[in-house]
Amino acid sequence: MQAFPDAAALRAPRSLDDLLLYRLSRAVRAGSGMATRLVEGGFGITHREWGMIGMLAQIGEITSSAFAERLQLDRVRTSRGLRSLSEKKLVERRRDAEDGREVHVRLSATGRELCNALFPRIARLNMDLLECIDEEHLDVFLECLRRLELRGKELSALGAVPEKADRRSGGTRHRWR
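Structure (structure tokens):
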């Protein structure tokens, strides 16, 4: 395993390993691969679909546009995910009686059954990952995550990165020059 940077290196990065977002990504990948294998291999849904199912289990019925906002996903990705879950009979959709353009979504009985079977296993994986952190450090860690999330939202709102992703026209396949 590569050496972890100290605080000074994180504040003035000189290598990839000194970048906060890189370190966070590595930490997430270390555990999320197991979760992905569980949801995809064990239950036949994608990681994103699992997030949608878990959120619907928490909130019940919601409009698809409000759901996209709640998930912090664009409407197109949300619509695709909901369509896939509907085809798998895990989500039910119905048109709004007053505004026919609006669609309400909720878990089907099968979706609730899947969630009830999967959630305890995902929760156990999360608890196993946290076994290496004592309560005092966990409280500090959670406060740091909260602050990082807020700061990320602030920077995004301020337009800290003016570039836009251009995946639709193959932006990631283009050369940088």
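Residue numbering for the sequence shown follows numbering that gives the first Met the number 0, starting at 0 and increasing by one per position.
We put the beta carbon where it would ideally sit given N, CA and C, even for glycine.
Computed from a predicted structure; not experimentally measured.
By the Cβ-count criterion, Phe66 is buried, with 16 or more other Cβ atoms from all chains shown falling within 10 Å of its own Cβ. DSSP, read as helix, strand or coil, puts Arg79 in helix. Scanning the segment 0–70 for uninterrupted alpha helix (DSSP H) segments of 4 residues or longer gives 6–10, 19–35, 46–58 and 63–70, listed from N- to C-terminal end. In the three-state DSSP reduction, Val139 falls in the helix class (H, G or I). Under the Cβ criterion (8 Å, minimum of three pairs), the segment 38–50 counts as touching the segment 77–92. Between the beta-carbon of Leu106 and that of Ile61 there is about 11 Å, and that puts the pair past the 8 Å contact cut. Within the same chain, Cβ atoms closer than 8 Å to the Cβ of Asp95 are found at Thr62, Glu101, Val102 and His103, the five residues on either side in sequence being excluded. Sixteen is the threshold: when 16 or more other Cβ atoms of the shown chains lie within 10 Å of the Cβ of Glu48, as they do, the residue is buried.
Counting along the chain, no alpha helix (DSSP H) covers Leu89, and no H or E run does either. Excluding the 5 residues flanking it on each side, Leu144 has no same chain C-beta neighbour closer than 8 Å. Taking Ile132 as the centre and dropping the five residues before and after it, the same chain places the C-beta of Phe140 closer than 7 Å to its C-beta, in chain order. Excluding five sequence positions before and after Met33, the CB atoms of its chain that fall closer than 7 Å to its own CB belong to Leu124, given in chain order. Thr77 sits buried, since 16 or more C-beta atoms from the chains shown fall within 10 Å of its C-beta. Annotated as proximal: Leu81 and Arg92, with beta-carbon spacing under 9 Å. Short of 6 Å from the beta carbon of Leu19, and not among the five residues preceding or following it, lie these beta carbons of its own chain, in chain order: Leu9.
Per DSSP, the beta-bridge partners of Arg105 are Glu91.
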